[in-house]
Amino acid sequence: MKRGKNIAGAREKVDKTNLYGLEEAITLMKEVKFGKFDESVDLSIKVVHKSMQNIRGSAVLPAGTGKQKKVLVLCKGDKQKEATEAGADYVGADDMIDKIKEGWIDFQAVVATPDMMKEVGKLGPILGKKGLMPKPKAGTVTENVSDIVKELKGGRVEYKADKTGVIHMMVGKSSFENASLADNIKAFFNQVLKDKPSDAKGNYIKSLHVSTSMGPGIKINHKGIDR
2 MKRGKNIAGA
12 REKVDKTNLY
22 GLEEAITLMK
32 EVKFGKFDES
42 VDLSIKVVHK
52 SMQNIRGSAV
62 LPAGTGKQKK
72 VLVLCKGDKQ
82 KEATEAGADY
92 VGADDMIDKI
102 KEGWIDFQAV
112 VATPDMMKEV
122 GKLGPILGKK
132 GLMPKPKAGT
142 VTENVSDIVK
152 ELKGGRVEYK
162 ADKTGVIHMM
172 VGKSSFENAS
182 LADNIKAFFN
192 QVLKDKPSDA
202 KGNYIKSLHV
212 STSMGPGIKI
222 NHKGIDR
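What follows is the structure in structure tokens.
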């Protein structure tokens, strides 16, 4: 019941009829935080489009997510050294593919060079279910493994809208400085706008909310968000 009282008290401090400025929303979010741990900061963007499955893309959060991401690179030859020097957690070829077939999934991102995709494609039933399959459009199938590994380790995230047209994304931790959270939110929001499908009509973004993982959603006036 204690958690119920905490969330009820937090909700009372948030005016659901109000559109908060970005900085104001972040400050209020921290004021109503009641978790006794470093909660994640979550962003929810409601988009309007006839086909939600087409709403997807990637963005780089300048302040990172606050969560360490283990990156696996599937490549051969000199590319393995390049991947290792860039900071990849795991590097290999057929040996890593065999481990995955046996059930190993101790990573949150996978990069592959084009010459590996014939074998990597066979991992579709495993990696696809977890959203880890390398894709050319996402930049995770590439010869330039160094840059993509550095992006993934430094704050690159992938997003897609759910069936209701909402994009959910972790944009940091409650312990982040307000300015860092604002920078991440602006970067992510603007990237979603940049990725707007060419056939999207009218107001593409319907609403924007921010919250800690346990706290109430706070509606942001997204009309004023720009870099």
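According to the working numbering, the residues represented by the sequence shown are 2 to 228, in order.
Heads up, the beta-carbon is just placed ideally off N, CA and C, and yes, glycines get one too.
Fair warning: this is a prediction, and the values are worked out from it, not measured in the lab.
Enclosing alpha helix (DSSP H) for residue i [first to last residue]
i: T85; result: 79-87
i: L194; result: 179-195
Contact under 8 Å by Cβ, residue i with residue j
i: V42; j: V142; result: no
i: G78; j: K174; result: no
i: L23; j: N185; result: no
i: N179; j: I46; result: no
i: M97; j: L128; result: no
i: A9; j: F189; result: no
i: A139; j: V48; result: no
i: E40; j: M215; result: yes
Beta strand (DSSP E) segment containing residue i, residue limits
i: M171; result: 167-174
i: E159; result: 157-161
i: H210; result: 206-213
i: S41; result: 41-48
Near the ligand FMN: residue i beta-carbon under 7 Å from a heavy atom
i: I226; result: Judged by which ligands are present, the structure shown has none, so any question about the ligand FMN falls away.
Outcome for residue i when other beta-carbon atoms lying within 10 angstroms are tallied against a minimum of 16
i: T213; result: buried
i: S152; result: The residue asked about is misnamed: residue 152 is Glu in this sequence, not Ser. By the neighbour-count rule (16 or more Cβ atoms within 10 Å), E152 is buried.
i: G218; result: buried
i: E1; result: A question about residue 1 goes unanswered here, because the residues of the chain that appear run from 2 up to 228.
DSSP-derived helix/strand/coil call for residue i
i: V142; result: strand
i: I98; result: helix
i: G22; result: coil
i: L124; result: helix
i: G129; result: helix
i: L153; result: helix
i: K136; result: coil
Requested in this report: Decide if the stretch 46-65 is in contact with the stretch 188-201; the criterion is three or more beta carbon pairs, one per stretch, under 8 Å apart.
Outcome: yes
Query raised in the report: Does the stretch 113-124 come close enough to the stretch 136-150 to have 3 or more Cβ pairs within less than 8 Å?
Result: yes
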